[in-house]
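Report on one structure; see the data block that follows.
There are 4 protein chains.
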Amino acid sequence: MTSNAIAHSKSATSAEQRLAIQFCQVRAFSEAIAAPLAAEDCVIQSMPDVSPTRWHLAHTTWFFETFFLKHKPGYEPFNSEFDYLFNSYYNTLGEQFPRAKRGLLSRPTVTEVLQYRKYVDECVLHCLESANLSLQGMAVIEIGLNHEQQHQELMLTDIKHVLSCNPLFPVYAKTELPVASVPEPAEFVAFDEGLYEIGHAGKGFAYDNESPRHQIFLDAFALSNRLVTVREYLEFMDDGGYRKPDCWLAMGWQSAAEEGWAAPLYWHNKDGKWFHFTLSGLHPIDLDAPVCHVSYFEADAFARWAGARLPSEAEWEIASTNIPEQGNFADQFFASERTVQPAAPEPTEPIGSGTTSLRQMFGDAWEWTYSPYMPYPGYAPAEGALGEYNGKFMCGQFVLRGGSCATPSGHIRRSYRNFFPPSARWQFSGIRLARN
Amino acid sequence: MTSNAIAHSKSATSAEQRLAIQFCQVRAFSEAIAAPLAAEDCVIQSMPDVSPTRWHLAHTTWFFETFFLKHKPGYEPFNSEFDYLFNSYYNTLGEQFPRAKRGLLSRPTVTEVLQYRKYVDECVLHCLESANLSLQGMAVIEIGLNHEQQHQELMLTDIKHVLSCNPLFPVYAKTELPVASVPEPAEFVAFDEGLYEIGHAGKGFAYDNESPRHQIFLDAFALSNRLVTVREYLEFMDDGGYRKPDCWLAMGWQSAAEEGWAAPLYWHNKDGKWFHFTLSGLHPIDLDAPVCHVSYFEADAFARWAGARLPSEAEWEIASTNIPEQGNFADQFFASERTVQPAAPEPTEPIGSGTTSLRQMFGDAWEWTYSPYMPYPGYAPAEGALGEYNGKFMCGQFVLRGGSCATPSGHIRRSYRNFFPPSARWQFSGIRLARN
Amino acid sequence: MTSNAIAHSKSATSAEQRLAIQFCQVRAFSEAIAAPLAAEDCVIQSMPDVSPTRWHLAHTTWFFETFFLKHKPGYEPFNSEFDYLFNSYYNTLGEQFPRAKRGLLSRPTVTEVLQYRKYVDECVLHCLESANLSLQGMAVIEIGLNHEQQHQELMLTDIKHVLSCNPLFPVYAKTELPVASVPEPAEFVAFDEGLYEIGHAGKGFAYDNESPRHQIFLDAFALSNRLVTVREYLEFMDDGGYRKPDCWLAMGWQSAAEEGWAAPLYWHNKDGKWFHFTLSGLHPIDLDAPVCHVSYFEADAFARWAGARLPSEAEWEIASTNIPEQGNFADQFFASERTVQPAAPEPTEPIGSGTTSLRQMFGDAWEWTYSPYMPYPGYAPAEGALGEYNGKFMCGQFVLRGGSCATPSGHIRRSYRNFFPPSARWQFSGIRLARN
Amino acid sequence: MTSNAIAHSKSATSAEQRLAIQFCQVRAFSEAIAAPLAAEDCVIQSMPDVSPTRWHLAHTTWFFETFFLKHKPGYEPFNSEFDYLFNSYYNTLGEQFPRAKRGLLSRPTVTEVLQYRKYVDECVLHCLESANLSLQGMAVIEIGLNHEQQHQELMLTDIKHVLSCNPLFPVYAKTELPVASVPEPAEFVAFDEGLYEIGHAGKGFAYDNESPRHQIFLDAFALSNRLVTVREYLEFMDDGGYRKPDCWLAMGWQSAAEEGWAAPLYWHNKDGKWFHFTLSGLHPIDLDAPVCHVSYFEADAFARWAGARLPSEAEWEIASTNIPEQGNFADQFFASERTVQPAAPEPTEPIGSGTTSLRQMFGDAWEWTYSPYMPYPGYAPAEGALGEYNGKFMCGQFVLRGGSCATPSGHIRRSYRNFFPPSARWQFSGIRLARN
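First to last, the protein sequences are chains A, B, C and D.
Quick note: the first sequence uses numbering that gives the first Met the number 0, first residue 0, plus one each step.
Quick note: the second sequence uses numbering that gives the first Met the number 0, first residue 0, plus one each step.
Quick note: the third sequence uses numbering that gives the first Met the number 0, first residue 0, plus one each step.
Quick note: the fourth sequence uses numbering that gives the first Met the number 0, first residue 0, plus one each step.
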């Protein structure tokens, strides 16, 4: 999880200055995400996987306090009881307030949490200004910023889930939905069999779970040139896809039954017409937009119904090789005052061939792969408490690739491995088909 | 649930004026209870039995809107979707938002709920000023005010529970705890066997469950002259009372095991010393105060351990016959800026004999009786939706008598039947012993 | 729970002889109930309330061993580990194998349990033959026999439940269903208000919960002359009774929803026709038979729908005053090789007036009363472990009166208080209406 | 899942004769496994994963009836209701009796199930004798026999679990435990990195999930020469391994807490000494035997504690390349009247080098790999209902390799992929360490 980028910057001073600027930007964006909310909105935990906004704001702050500031001599913690309240899951650091009960807490209030942020921000910036920061210290801040960007995405997805539970369908922000254009016809782009390399390369930041870079043999495969659309998913639904056991994994069939799935999360049928809940309220579905808020089980069932399969994470990474890490990311939506929501691609250029014809690889919607989230060969977690960041979750989850419309643009990489349990639906998770 | 008091007031006009004043007072007290809270506090539902403060504020308002204003021609509802959100359990009026999920809602916000209250208050007062209100209309307002007073007690007990879940032990209001004095020695006051009458008498307001007044035969019995103290309850605990199965009902033994009861709710042991959480934060227990926040099961076990039993509700009512309905009630605590919490009695007068020597019968702590909450002989629920107010809960609950420190002083009666399941502990519920 | 009957028998010797004969009869009847079963049937616990037949056979034996034989010098227990396995709920005697897990045990096998029974029977009979038994010892055997008779009824109801879970609808015994005759028209028999006495009287055996006999004041009331029939219950169903919230207690409404009640337990609808599962397999319902296998909640809802109410246990006991304790009991069904199942009354005599016109008071179906199961005034449980027999269950249950077709004929009394939770349906429980 | 072996046998007649002999042998072994049990033992389902013995005996019979006999003209099913009762999970064939409720059924009895077996056996053998069986028909019988062998292992593990729930610790069969000898010192055997092939090869029978054979790139790795012993596992326990969160996956830590794991399943501590429950009752643990009845989570935690890791299934398969598929299998234990239980290896020969020094690769205990159970590249499930056999379970489970002491010796292969959820402990599952 360390970054040689910092070490190789031309002068220590300028590296710290750049980090200070980045720190201010990232920290400010978290508060910008919370800004449209009422205090009441920031308290609610609508299911165990969701955390209240005030918790996200405080936990990301606790992260800098715990892994950076507490190692500075003379640092006075803002409130020593916050260790128990805002430690997420670092057993090495002591007991934690139970995750499923985060929604029982109203204090510290949002205002108090913002004071906590201000206090910690000033202390961190003071350290960054004092110019003689160790490489390790700077690496921890870099991790802290990546950590906070992860939580920025979660803040957006968690707020969406919280508001969605209210029959009033509250609007997070009155913004325009992204304009949809007609997507290109779906085509499969072929790749040869061969011995490839995947995993993080180069000097930039990456999490420990993206390493080590390693060889892998792939059979020939093909990926669809774009994401599955709402229109295509409706065909699956209209064909009884949710009621065909032979399309489904046994666990998925059971989840669908227990939770009554008959459409993606956030879809509502009113008098025969489909609407979906978005961060700007309830709207008719957009047939040309990529389908999202589907579980791995639904993605897998759709793929089987369509005579295809999901990609593996290695296939996805190899296919993405020459594609720039650009797309529709959260901060762009904020900057243009549009609703954070995937849209049809803008067909600004003629479709290429091979890799260059792959669209929507970055941003829009996380793409479920059929790869269980497991360590790469030779994986070693970071030392100390930060070693709990990734490794201990390598069981029972699947890898998603590419980032979504809720991911901050600085927080996505070709080698980035997102992971969620196969029943998770509240992320902006969509489908790209693959086949042999 | 009707009140002849209104009908018999000297002039219709003055009755309406009096009702308007009472209306303003009661409605204002609800808001006074909520005033010390942050918006974040008002959202949380810490267990299914607890409702968020913003829900209480809105539901009591919906009650007036639904049962009174909607029968007025030309009334425009504040928001027609509130019917679904703020109907508590009146099936006759339509479906309700699930009770256990009230804590998932952040909207309408507290500010919006206060606007809703203002809107409804003005409409109600306008009707009361227009002077030609029917007796039935006035009776509905009277019920609405009694209903709101019930919820005022629940607001206090629910807030206490919400804040108690926070390891920071937040303070609702920084106020003085009531001063305790040494209680009198416990003595049993005897009553003869005989054919008595219980149930609501006279022309004042009462709920339908207090009627009809009826005859009942009682064996000779005796009631303790005061409530069980914290000191006495500690003796039970120190004697292993929580670990003696022969003291407990089978269901109570199971509840205690499942929920890990080893002391009253809100008690915390720190390094061998007992503290309890109050509305002014964590404090050392007061040995002379009445024990409270015990379940029926604990009250029953304590009584068995003490060689006594709990009173029946009829015994309690007969014993209270000549005692004025005065005590330590919620509004008095507010008026004197003291913490709502039971205290030892002020021994201002020499102890009398017979009934007159019974202390703490009204206010301080609700007294568990061993009477299951069942209809009185000949009981008939009110007509229409209001018939759902009491009757349908007559199963699986026990009657408590006398009111508590969280009861508004206008809302207690000799014949008042409060009721809770035997495992409930979050009300200010205490113990008075009885024997044959 | 003591019986003066034994003490007053003419000579000690003959009392013991009579007890020995009774002992042999009761013990043999338990084995007769088990006789038609395969070993496989005797192991299953189809829900936590149900116990496997092999457990009943062993537990009733353990009762004699524990409360009688272990006090005899030199007694060698059959297997000391059975204390843990076959103690039901006597905490005073030590820990118990968890009730809900009785269906996980296959050993001791049925054959081994029958050996256990033989061993204990011989020891008990040997004591009874030795002629100098204390009155207390004889009282314990009398309790043990009553205890076993209670379990005989449970064996029948539990077997019925076990077999009912099998889609093959296995037949317990191929016997004739009781012949139904057309019931008399339903009429209410009136009783005056007054101060009455209820509770066990006289010298015969009774459980501690039937005492002390005490005075009670009753308002004027009326009881229906017979049980509610299947035909009448179908009218309730056809009128949407299960879907009318205003007929139901809140807890009952919730139970019905959670468990999907739409008819009495054991009813099956095949192509629009109603069948019910009986101990002789699946049969069309008998419109003239008393409805049974209904919960308190259903009985209460039916009564409200019918414009009536359930009786109190005191009303039932007073009304039964002059009616002989005769009816259709389990052993009579066995003797005549008919299926244990309630039948319409045989109208052998002209209907009388007053009490004498009440039919079906004893046997056929237990009659739900609206009386919560609570101690009588002055109730004191027996000393020692036997004190756990009744008292500790006095919470959350309702009293049923009169005995059923599954009750052994020696095991019913005017003052007998059976009790079950209000959601219980697997007993032969029916409905008699009352009103003021 | 088809087998060319049948097609290539010299003459159709002799292939059918051989199949008939195999059929008789396999079918007889199932009944031999059930023979020591009482009827009562055969009914119990001690947890949802366990099936009663009578169910296994019937379900394996239903398999032949459904997939083979029903396609023969004129076949009369033994009992048409068995389709619902004994279909395990084939949605294509219709609804199934709920898996978790198999322990509620006592009928058909064991005797009746044996009659069912006899009926089906005679029909199948009659077909095999009639000599003109299609290759497809013979393939189905071959699958059915493999299917039954799978269930033979489950019968043994399920019986062990059922009996283990009984505090009497019943003995399945009074047999000698296998003799343990001192195991060799643990050493890691190294393998080079390279492009390998795994998956089923050749003409013999294999399940669809073992195909297609495919290339895979492996980094250099090393496998331990033998299984982890009880002695080594005790060191982990004594070092507090169950209380060190940094050894555990997050899900494992949670499972261990929820289920109170502090030792392998079936271990009991009596006065400081460890015993384990076996099919011949409770015995002191054998320090030199391979540890078994551990979950994936425990295996993974042990490996991390030991500074190693679990192997991948590809590593295991490559390492097994030249090792004969021989070991301690269930039928050998039966033949020699020893208890089915893993034992220390018999050091009959000098330890070799490389692959040849790997011991205990087949039989003894299933070896947890860290490979999630997923389809091989290009995997296609079988057509029709048999396609539900394997594919739909490819989620949330881990692959185990090598077979155990409870596997029939004809039912293990180098390419065999067993799979269980990571919390499963009731199989004979052990640990082989690996490292890079």
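We treat Cβ as the ideally placed atom computed from N, Cα and C, and that holds for glycine.
(request) Under 9 Å between beta-carbons, which chain B residues line up against A:V49? List them in chain order, please. (result) On the first sequence, position 50 is the one that residue 49 of chain A refers to. Chain-order list of chain B residues neighbouring A:V49: empty, with the shortest C-beta distance near 10 Å, by a criterion of under 9 Å.
(request) Sort D:E366, D:V119, D:R106, D:N86 by Cα distance to D:V290 and report the nearest one. (result) Translated into the one-based positions of the fourth sequence, residue 290 of chain D becomes position 291. When D:E366, D:V119, D:R106, D:N86 are compared, the shortest CA-CA separation from D:V290 is found for D:E366.
(request) Give a yes or no on contact between the stretch 281-296 of chain B and the stretch 314-329 of chain B, applying the rule of three or more CB pairs nearer than 8 Å. (result) Under the 8 Å Cβ criterion, the stretch 281-296 of chain B does not count as touching the stretch 314-329 of chain B, having fewer than three qualifying pairs.
(message) Output needed for A:F28: all residues of its chain with C-beta closer than 7 Å, excluding positions within five of it in sequence on either side, in chain order.
(response) Taking the first sequence and counting its residues from 1, the one referred to as residue 28 of chain A is at position 29. Same-chain partners within the cutoff: Q151, D330, P407.
(request) Please list the residues of the stretch 79-110 of chain B that have a C-beta atom closer than 9 Å to any C-beta atom in chain A, keeping them in chain order. (result) Taking 9 Å as the Cβ-Cβ cut-off, the stretch 79-110 of chain B approaches chain A at E80, Y83, L84, F96, K100, G102, L103, L104, S105, R106, P107, T108, V109, T110, given in chain order.
(message) Rounded to whole angstroms, what is the Cα-Cα separation between B:F361 and B:L226?
(response) Counting from one through the second sequence, the residue named residue 361 of chain B turns up at place 362. Counting from one through the second sequence, the residue named residue 226 of chain B turns up at place 227. Just so you know, the alpha carbons of B:F361 and B:L226 end up roughly 11 Å apart.
(request) For C:A205, collect the residues of the same chain with a Cβ closer than 7 Å to its Cβ; drop the 5 residues on either side in sequence, then sort them by chain order. (result) Along the third sequence, one-based indexing puts residue 205 of chain C at 206. So the list reads H199, R412, S414, once near-sequence residues are dropped.
(message) Looking at chain D, is there any beta carbon in it that lies within less than 8 Å of the beta carbon of C:N165?
(response) Along the third sequence, one-based indexing puts residue 165 of chain C at 166. Residue contact check for C:N165 against chain D: a CB pair falls below 8 Å.
(message) Once DSSP output is grouped into helix, strand and coil, what is the label at A:P107?
(response) For the purposes of this step, residue 107 of chain A is identified with residue 108 of the first sequence, where counting begins at 1. Secondary structure at A:P107: coil, using DSSP grouped into helix, strand and coil.
(message) Short of 6 Å in beta carbon distance, which residues of its chain neighbour D:V398, apart from the five on each side in sequence? Order them along the chain.
(response) Looking up residue 398 of chain D in the fourth sequence gives position 399. Hits under 6 Å: E312, T368, S370, Y372, R416, F418.
(message) For A:P169, would you say it is in contact with chain B, using Cβ-to-Cβ distances shorter than 8 Å as the test?
(response) The residue given as residue 169 of chain A occupies position 170 in the first sequence. Yes, A:P169 counts as interfacial toward chain B.
(message) Does C:I215 come out as helix, strand or coil in the three-state DSSP assignment?
(response) Mapped onto the third sequence, residue 215 of chain C falls at position 216. DSSP places C:I215 in the strand class (E or B) of the three-state scheme.
(message) So D:S403 and D:A364 are supposed to be a Cβ contact under 8 Å. How far apart are they, rounded?
(response) Residue numbering aside, residue 403 of chain D sits at position 404 when the fourth sequence is read from its first letter. Residue numbering aside, residue 364 of chain D sits at position 365 when the fourth sequence is read from its first letter. Right, the Cβ-Cβ distance comes to about 5 Å (below 8 Å), so this counts as a contact.
(request) Just confirm the distance between the C-beta atoms of B:C126 and B:K71, as a whole number of angstroms; I'd bet it's less than 8 Å. (result) For the purposes of this step, residue 126 of chain B is taken as residue 127 along the second sequence, with counting starting at 1. For the purposes of this step, residue 71 of chain B is taken as residue 72 along the second sequence, with counting starting at 1. Confirmed, Cβ separation roughly 6 Å.
(request) Give the DSSP-derived three-state secondary structure of D:S370 in the structure shown. (result) Here residue 370 of chain D refers to the residue found at position 371 when the fourth sequence is read from its first residue. Note: D:S370 maps to strand in three-state DSSP.
(request) Would you kindly work out how many angstroms separate the C-alpha atoms of C:T59 and B:L385, rounded to a whole number? (result) Start at 1 with the first residue of the third sequence, and residue 59 of chain C comes out as number 60. Start at 1 with the first residue of the second sequence, and residue 385 of chain B comes out as number 386. Taking the straight line from one Cα to the other gives about 51 Å.
(request) In angstroms with no decimal places, state the Cα-to-Cα distance between C:A459 and C:F85. (result) Given that chain C is displayed from residue 0 to residue 435, the structure contains no residue 459 of chain C and the question cannot be resolved.
(request) Examine the Cβ distances between the stretch 11-20 of chain D and the stretch 302-316 of chain D and report whether three or more of them are shorter than 8 Å. (result) Output reads no: the stretch 302-316 of chain D does not touch the stretch 11-20 of chain D.
(message) Looking at chain D, is there any beta carbon in it that lies within less than 8 Å of the beta carbon of A:P376?
(response) As a first step, residue 376 of chain A is located in the first sequence; it is residue number 377 there, counting from the start. Chain D, which has a Cβ nearer than 8 Å to the Cβ of A:P376, makes this yes.
(message) Against A:S43, what residues of chain B qualify as contacts under a CB-to-CB distance less than 9 Å, listed in chain order?
(response) Along the first sequence, read from residue 1 onward, the residue named residue 43 of chain A stands at position 44. In the sequence as presented, Ser is not what sits at residue 43 of chain A; that position holds Ile. Neighbours of A:I43 on chain B, chain order: V42, I43, G102, L103, L104, S105.
(request) Verify the CB distance criterion: does B:E39 have a CB-CB separation below 8 Å to chain A? (result) For the purposes of this step, residue 39 of chain B is taken as the residue at position 40 of the second sequence. The beta carbon of B:E39 sits closer than 8 Å to some beta carbon of chain A.
(request) Can you grab the Cα-Cα spacing for the pair D:K159 / D:M250, in whole Å? (result) Here residue 159 of chain D refers to the residue found at position 160 of the fourth sequence. Here residue 250 of chain D refers to the residue found at position 251 of the fourth sequence. The straight-line gap from Cα to Cα measures roughly 26 Å.
(message) Just to confirm, is the Cβ distance from C:S210 to C:Y375 under 8 Å?
(response) In the third sequence, residue 210 of chain C corresponds to position 211, counting from 1. In the third sequence, residue 375 of chain C corresponds to position 376, counting from 1. Cβ atoms of C:S210 and C:Y375: closer than 8 Å.
(request) State the Cα-Cα distance for the pair D:F187 and D:Y265, rounded to the nearest angstrom. (result) Along the fourth sequence, one-based indexing puts residue 187 of chain D at 188. Along the fourth sequence, one-based indexing puts residue 265 of chain D at 266. Cα to Cα, D:F187 sits roughly 29 Å from D:Y265.
(request) Can you pull the chain B residues whose beta carbon is under 8 Å from the beta carbon of C:G395, in chain order? (result) For the purposes of this step, residue 395 of chain C is taken as residue 396 along the third sequence, with counting starting at 1. Contact annotation for C:G395 against chain B: M250, G395, P421 [CB-CB distance below 8 Å, chain order].
(request) Please check if any C-beta of chain E sits within less than 8 Å of the C-beta of C:Q253. (result) Note that chain E does not occur in the displayed structure, where the protein chains are A, B, C and D.
(request) Return the CA-CA distance between B:S422 and A:W425, expressed in angstroms with no decimal places. (result) By 1-based counting over the second sequence, the position of residue 422 of chain B is 423. By 1-based counting over the first sequence, the position of residue 425 of chain A is 426. For B:S422 and A:W425, the distance between alpha carbons rounds to 37 Å.
(request) Determine, using beta carbons only, whether D:G390 and D:P380 come nearer to each other than 8 Å. (result) To locate residue 390 of chain D, count along the fourth sequence from 1; it is residue 391. To locate residue 380 of chain D, count along the fourth sequence from 1; it is residue 381. If you check the CB distance, D:G390 and D:P380 come in under 8 Å.
(request) Would you please state the rounded distance, in angstroms, between the beta carbons of C:Y115 and C:L278? I believe it to be under 8 Å. (result) Along the third sequence, one-based indexing puts residue 115 of chain C at 116. Along the third sequence, one-based indexing puts residue 278 of chain C at 279. At roughly 26 Å, the Cβ-Cβ gap does not stay under 8 Å, so C:Y115 and C:L278 are not in contact.
(message) Rounded to whole angstroms, what is the Cα-Cα separation between D:Q253 and D:D238?
(response) Within the fourth sequence, the letter at position 254 stands for residue 253 of chain D. Within the fourth sequence, the letter at position 239 stands for residue 238 of chain D. The C-alpha of D:D238 is placed about 20 Å away from the C-alpha of D:Q253.
(message) Less than 8 Å between CB atoms is the rule here; does C:V339 satisfy it with respect to chain D?
(response) The residue labelled residue 339 of chain C in the question sits at position 340 within the third sequence. For C:V339, the answer is no, since every Cβ of chain D falls outside 8 Å of its Cβ.
(request) Find the nearest neighbour of B:L92 within the set B:F81, B:K100, B:G102, judged by alpha-carbon distance. (result) Your numbering for residue 92 of chain B matches position 93 in the second sequence. By alpha-carbon distance to B:L92, the top candidate from B:F81, B:K100, B:G102 is B:F81.
(message) For B:R400, tell me which candidate among B:E382, B:S319, B:V25, B:S352 has the shortest Cα-Cα distance.
(response) Residue 400 of chain B sits at position 401 when you count from the first residue of the second sequence. Out of B:E382, B:S319, B:V25, B:S352, B:S319 has the C-alpha closest to the C-alpha of B:R400.
(request) Return the chain-ordered ranges of every alpha helix (DSSP H) run that is complete within the stretch 224-253 of chain A and spans a minimum of 4 residues. (result) Correct list: 229-237.
(message) Please tell me whether C:D245 has its Cβ less than 8 Å away from any Cβ of chain B.
(response) To locate residue 245 of chain C, count along the third sequence from 1; it is residue 246. Yes - at least one Cβ of chain B is within 8 Å of the one on C:D245.
(message) For the alpha helix (DSSP H) containing B:Y295, name the first residue and the last one.
(response) Here residue 295 of chain B corresponds to residue number 296 of the second sequence, with the count starting at 1. Per DSSP, B:Y295 belongs to the alpha helix (DSSP H) from 295-304.
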